[in-house]
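Residue numbers (full-length UniProt numbering), protein chains in the order written: chain X, 1 to 114; chain L, 1 to 114. Don't be surprised by glycine CBs; every beta carbon is placed ideally from N, CA and C.
There are 2 protein chains.
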Amino acid sequence: MTTLNRPSTPDGHVCGIDTAMEVIGGKWKVLILWALHEHPHRRFGELRRLLPGITEKVLASHLRELEADGVVHRVSYDEVPPCVEYSLTEDGKRLNEALQPLAAWGRERPTIRG
Amino acid sequence: MTTLNRPSTPDGHVCGIDTAMEVIGGKWKVLILWALHEHPHRRFGELRRLLPGITEKVLASHLRELEADGVVHRVSYDEVPPCVEYSLTEDGKRLNEALQPLAAWGRERPTIRG
DNA sequence: GTGCTCGCTCACCCCGAGGTAACCACCCAC
DNA sequence: GTGGGTGGTTACCTCGGGGTGAGCGAGCAC
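This is how it looks when you write it as structure tokens:
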């Protein structure tokens with residue numbers, strides 16, 4: 001709403017941010033979302049190449065978690081060689097939009113440390 | 001570095017979100033920001049009471065990191081017993097506002113995982 | 001004296017996220 | 001046969017964020 005009201009929902013979460021933080025809490029999660037935002041349909045190997053430094057194990061586990069959280073959609077075509085396509089769900093797109101102000105804050109702020 | 005084909009600022013950050021994630025990446029960071037948002041000027045012990053479960057060590061270190069990142073302001077009154085007040089800087093308030101869409105996303109989304 | 005408050009600091013430990021590397025099954029090009 | 005590419009899985013290990021508990025230094029209440 002206009003302003004946020006009282007914290008503390010019944011499930012122990014305070015204000016919804018921690019719910020979101022659980023979803024994007026992995027080291028590469030936001031980068032995966034960002035990559036899928038800029039390149040709507042990507043295969044596993046393409047994502048790996050878009051995220052230099054990520055390992056296959058971590059990419060696979062993060063993608064499965066994002067899928068379980070309903071923000072990433074996975075389509076597997078049963079061919080050889082295997083072909084799997086990942087894309088953002090509607091919820092994932094909304095999450096990405098919700099991340100834009102945060103990205104803007106990160107870009108606009110003065111450099112403090114580093 | 002800068003092997004990413006799209007955004008890629010000189011410091012290796014991609015889209016500003018990872019800058020923000022470094023600031024709010026601690027387990028309790030967003031909750032501290034939230035608490036300071038709802039209770040603009042709080043002392044150490046008050047914050048501790050507002051965040052059940054946090055330890056003094058973690059609260060202290062997180063507050064110092066947030067202060068170093070320029071989002072929290074710390075004022076120490078040299079009295080006995082000690083009195084230290086924490087508040088959000090302008091940048092911290094902007095960060096909190098940038099977190100609101102994320103909080104809204106977290107509140108509005110359907111519950112996916114238990 | 002004993003204990004409490006306040007805002008920390010220090011030393012120690014633990015566990016899990018994430019990194020490393022090997023392996024799988026399948027096909028194609030050489 | 002060798003190598004590359006597909007999308008993973010498995011076992012192992014490291015490292016540091018965060019938890020645990022103690023202590024400090026000054027003053028006040030009892």
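Compare the C-alpha of L/E90 against each of L/T55, L/T19, L/V72, L/G25 and name the closest. L/V72
Would you kindly work out how many angstroms separate the C-alpha atoms of X/W28 and X/E46, rounded to a whole number? 15 Å
Under 8 Å between the Cβ atoms of L/V30 and X/M21? yes
With a Cβ-Cβ cutoff of 8 Å, do X/T32 and L/L99 count as a contact? Note on residue identity: the sequence assigns Ile, not Thr, to residue 32 of chain X. Going by C-beta atoms, X/I32 is not nearer than 8 Å to L/L99.
Give every residue of the same chain whose Cβ lies closer than 7 Å to the Cβ of X/H62, excluding the five residues on either side of it in the sequence, and list them in chain order. Closer than 7 Å at Cβ, skipping near neighbours: G26, W28, K29, I32.
Any chain L beta carbon closer than 8 Å to X/V72: no
For L/H39 versus L/L50, is the C-beta spacing smaller than 8 Å? yes
Identify the contact partners of L/L99 in chain X, using a Cβ-Cβ distance below 7 Å as the criterion. What L/L99 touches in chain X: I17, L102.
Beta-carbon contacts of L/A104 that lie in its chain and below 7 Å, excluding the five residues immediately before and after: none
Run through the UniProt domain "HTH hxlR-type" (15-114) of chain X for me and flag every whole beta strand (DSSP E) of 3 or more residues, listed as ranges in chain order. 72-77, 83-88
Does the separation of the CB atoms of X/R43 and X/V84 fall below 8 Å? Yes, Cβ-Cβ distance for X/R43 and X/V84 is below 8 Å.
Short of 6 Å in beta carbon distance, which residues of its chain neighbour L/P101, apart from the five on each side in sequence? Order them along the chain. none
Measure how close the beta-carbons of L/R48 and L/L59 come, nearest whole angstrom, since I'm counting them as under 8 Å. 6 Å
Candidates L/G53, L/R64, L/G106: closest to L/S87 by CA position: L/R64
In its own chain, which residues sit with a C-beta less than 6 Å from the C-beta of L/Y77, not counting the 5 before and 5 after it? C83
Quick one: Cα of X/G106 to Cα of X/L36, how far? 20 Å
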